[in-house]
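Asker:
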Amino acid sequence: MSPRRPLVIVGIDLAGSPRRPTGLCLLHGLRAETHVAFSDDDILDAVRHARPDLVPIDAPLSLPKGRRTIHDRSGEHLRDCDRELLRRGIRFFPITLGPMRMLTERGLALKKKLRALGYHAVECYPGAAQDVWGLPRQHRDRQGLLAGLRKLGVRGLRKTATSDELDAATAALVGRRHLLGRGNMLGGKRGILIPAVR
416 MSPRRPLVIV GIDLAGSPRR PTGLCLLHGL RAETHVAFSD DDILDAVRHA
466 RPDLVPIDAP LSLPKGRRTI HDRSGEHLRD CDRELLRRGI RFFPITLGPM
516 RMLTERGLAL KKKLRALGYH AVECYPGAAQ DVWGLPRQHR DRQGLLAGLR
566 KLGVRGLRKT ATSDELDAAT AALVGRRHLL GRGNMLGGKR GILIPAVR
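Going by the numbering used here, the sequence shown opens with residue 416, and the numbers climb by one from there.
1. Among all the DSSP beta bridges, which residues are the ones paired with Ile607?
2. Taking Leu518 and Leu588 to be in contact with their CB atoms under 8 Å, please state how far apart those CB atoms are, rounded to whole angstroms.
3. Could you tell me the distance, in whole angstroms, from the CA atom of Gly563 to the CA atom of Arg570?
4. So, does the CB of Leu476 fall closer than 7 Å to a CB anywhere in chain D?
5. Count the other CB atoms within 10 Å of the CB of Leu442; is the residue buried (16 or more) or exposed (fewer)?
6. To the nearest angstrom, report how far apart Pro475 and Gly522 are at their CA atoms.
7. Specify the secondary structure class of Leu627 as computed by DSSP and reduced to three states.
8. Within the region 495-558, note down every full alpha helix (DSSP H) run reaching 4 residues or more, in order along the chain.
9. Please work out which residues of its chain come closer than 6 Å, Cβ to Cβ, to Phe453, disregarding the five sequence neighbours upstream and downstream, and give them in chain order.
10. Assign Leu630 to buried or exposed, taking buried as 16 or more other Cβ atoms, counted over all protein chains shown, within 10 Å of its Cβ.
11. Go through its chain and collect everything with a Cβ distance to Val537's Cβ below 6 Å, but skip five positions before and after it.
12. Sort out for me which residues DSSP pairs Thr449 with in a bridge.
13. Quick check on this structure: which residue in Ala543, Arg483, Glu520 has the alpha carbon closest to the alpha carbon of Arg502?
14. Excluding the five sequence neighbours on either side, which residues of its own chain have a C-beta within less than 7 Å of the C-beta of Lys480, listed in chain order?
15. Return the first residue and the last residue of the alpha helix (DSSP H) that Gly590 is part of.
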């Protein structure tokens, strides 16, 4: 990476269905621009336009051991990274249950498309990052999360940013810190990216 060019991250808070809004955050240095998208094509266009160094996605991007697809009933329910979240007392939805299956399918497909375009996508869980940083999760206190992200140095976030956009901004900030050596991949390379504990 060129020292003259600020890090560019595109954080994605992926919806399980293209009918629901996906939050996107372009983080250029620490300046954020957020919006929502719906189709995979719109998401991919935003990534192509930004040419990011990393794409952290709030969606499962790997399967539990022994499962070939998300609908495969054999194999384990939890991944190593899920067990690590449990060990740390961080709440999450197991990826094999209910609507998480649709999100997992979409996440895996999007990761494959991004890889084909030459971009590196990693799984990120904004709720875990918010817990680590002591910020409220978006469903509890959206304005408190906005204020917390600003306090962490993120500039440009609008007061009207949606919960999806704030989760995308959280994912982008985690990705930036990871590239600066302040992130942890729980469960190895195919796990979940969270911030390093301060």
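Ideal placement from N, C-alpha and C gives every residue a C-beta, glycine not left out.
Answerer: Checking against the coordinates, here is how it stands:
1. Glu538, Leu601
2. Contact flag wrong, Cβ pair sits at about 21 Å.
3. 11 Å
4. Looking at the structure shown, chain D is missing, and only one protein chain is on hand.
5. buried
6. 6 Å
7. As displayed, the chain neither begins before 416 nor continues past 613, which places residue 627 out of reach and without an answer.
8. 495-502, 515-531, 541-548
9. Pro433
10. Any question about residue 630 goes unanswered here, given that the chain covers just 416 to 613.
11. Pro471, Leu608
12. Cys440
13. Ala543
14. Gly490, Glu491
15. 578-594
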